[in-house]
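Visitor:
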Amino acid sequence: MGMKKSRIFLYHLAAWGLYMGYSILENYLLPDRPFTWMPLLYISYFISLAVTFYFCYLFVYPRFLKREKVVQLVLCLALALFLFTFTRYFLEEMMYPFLFGFRNYSEDTPFSYYFTNNLLRAFPMMAISAVVWNVQDAFKKEKEYKTLRAEKTQAELAFLKSQVNPHFLYNTLNYIYALAYPVSESIAEAVLKLSDMMRYMLHESPDGKVELQKEVDYLRSFIDIFRFRFEDKFFVDFTVMGNLNGQRVASLVLIPFVENAFKHGVVNDPANPVQIQLEVNGKDLLFEVRNRINRQQKDHSTGIGLANIKRRLELLYPNQHHLAVNTNGLVHETRLKLQNL
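For the sequence shown, position 116 (counting from the first letter as 1) is numbered 129 according to our numbering, and the numbering increases by one without interruption.
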């Protein structure tokens with residue numbers, strides 16, 4: 014079960030409170046230290062520990078341990094040791110003498126001794142930080158796995174419902190195509206494209222992915238259907254660059270951004286056409302959609318659930334995608350990058 018942020022904050026607060034309380038009780042009276050300065054020394058010590066803990070917990074482990082970047086991980090852990098020592102030195106040997114007239118170490122203590130004496134004190138907190146981060150990451154992965162299973166089950170049920178008799182739909186559309194062809198080739202072509210689009214939408218592969226070229230063909234058919242609807246008042250520039258051969262992508266992962274552009278954008282301005290660009294560079298894909306916002310609409314939202322799109326990308330391409338959505342008042346831009354197709 015996933016842990017909410019407020020609950021995580023309370024866990025952290027309780028853990029720090031227990032740790033500080035235990036340390037204070039354990040060292041309640043030191044023979045060579047006036048008790049009056051002990052609270053300040055504990056404050057500086059725990060601030061140094063907290064800086065080290067959260068530097069590793071929030072920055073180092075999520076970026077480098079999770080992605081198995083060993084060199085960067087080792088360098089940042091070494092930096093964490095310096096960070097602990099420097100934070101404590103700054104507070105106890107620079108700020109305290111200036112503010113309160115006392116220091117933790119004697120004035121003639123060389124920095125090299127101070128550094129080596131404090132170096133090992135940071136290791137336990139770095140290890141605790143690693144344990145806490147891994148436990149939380151395990152909870153997060155378990156929640157994502159359960160969510161993915163639930164969504165997969167729902168998708169399978171929806172797919173089964175759609176399979177009541179797909180051949181009946183295909184045969185009916187083909188029959189309509191045959192009737193329409195003598196009357197209007199353009200209508201017949203639209204029916205044929207619609208039939209192909211339905212067949213593509215109902216297609217299922219074991220890994221949920223399809224050839225990128227088929228996804229592009231689906232986008233072209235979708236655009237052609239809209240062009241048939243608006244006739245000569247529909248302006249879209251669709252550009253494809255790079256080698257699509259051998260590339261696979263999650264089925265229907267690109268279409269929501271085009272749907273949003275057509276639904277909430279201006280499509281009848283020849284000076285400002287909807288711009289759709291797909292670029293493949295090696296194993297990376299960049300998909301960009303740019304459109305003017307239709308101010309005549311009462312609803313100026315981004316349209317089809319952006320939250321659902323983001324969630325699907327997180328499930329399909331964890332740590333392999335970047336989605337940027339920008340609106341400057343007149344123009345809406347979407348930029349999706351998929352890595353390691």
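Glycine included, each C-beta is placed from N, C-alpha and C at the ideal position.
So if DSSP puts lysine 222 in a beta bridge, which residue, or which two residues, is it bridged to?
Guide: Ala263
Visitor: So, are the CB atoms of aspartate 250 and proline 286 less than 8 Å apart?
Guide: yes
Visitor: Using C-beta distances below 8 Å, list every residue in its chain close to leucine 328, excluding the 5 sequence neighbours before and after it, in chain order.
Guide: Glu157, Thr160, Leu161 and Glu164
Visitor: Are the CB atoms of serine 264 and valine 223 within a distance shorter than 8 Å?
Guide: yes
Visitor: Is the separation between the beta-carbon of alanine 274 and that of valine 293 shorter than 8 Å?
Guide: The answer is no: Cβ separation not under 8 Å.
Visitor: Give the secondary structure of arginine 134 by DSSP, where H, G and I count as helix, E and B as strand, and everything else as coil.
Guide: coil
Visitor: Using a 10 Å radius around the Cβ and a threshold of 16 neighbouring Cβ atoms, would you call serine 208 buried or exposed?
Guide: buried
Visitor: Between the alpha carbons of glutamine 290 and tyrosine 231, how many angstroms are there, rounded?
Guide: 15 Å
Visitor: Can you give me the start and stop residues for the alpha helix (DSSP H) that methionine 210 sits inside?
Guide: Boundaries of the alpha helix (DSSP H) harbouring methionine 210: 198-214, taken from the DSSP string.
Visitor: From Gly255, Pro137, Phe152 and Leu53, pick the residue whose C-alpha is nearest to that of glutamate 370; which is it?
Guide: Lying before the first or after the last residue shown, residue 370 is absent from the chain, which here runs from 14 to 354.
Visitor: Would you kindly check if the distance between the Cβ of leucine 354 and the Cβ of arginine 233 is under 8 Å?
Guide: Against a cut-off of 8 Å, the Cβ pair of leucine 354 and arginine 233 comes out as no contact.
Visitor: Just to confirm, is the Cβ distance from phenylalanine 77 to glutamine 85 under 8 Å?
Guide: yes
Visitor: Among all the DSSP beta bridges, which residues are the ones paired with aspartate 297?
Guide: Asn294
Visitor: Indicate the three-state DSSP secondary structure (helix, strand or coil) for aspartate 237 in the structure shown.
Guide: helix
Visitor: Is it buried or exposed for asparagine 332, if we count other Cβ within 10 angstroms and need 16 for buried?
Guide: Burial call: exposed.
Visitor: Using C-beta distances below 6 Å, list every residue in its chain close to threonine 347, excluding the 5 sequence neighbours before and after it, in chain order.
Guide: Excluding residues within five positions, the ones whose Cβ falls inside 6 Å are Phe270, Val302 and Val338.
Visitor: Measuring alpha carbon to alpha carbon, tell me which residue in Met108, Ala140, Asp150 and Met210 is nearest arginine 80.
Guide: Asp150
Visitor: By the 10 Å Cβ neighbour count, where 16 or more other Cβ atoms means buried, how is lysine 206 classified, buried or exposed?
Guide: Its Cβ being crowded by 16 or more others within 10 Å, lysine 206 is buried.
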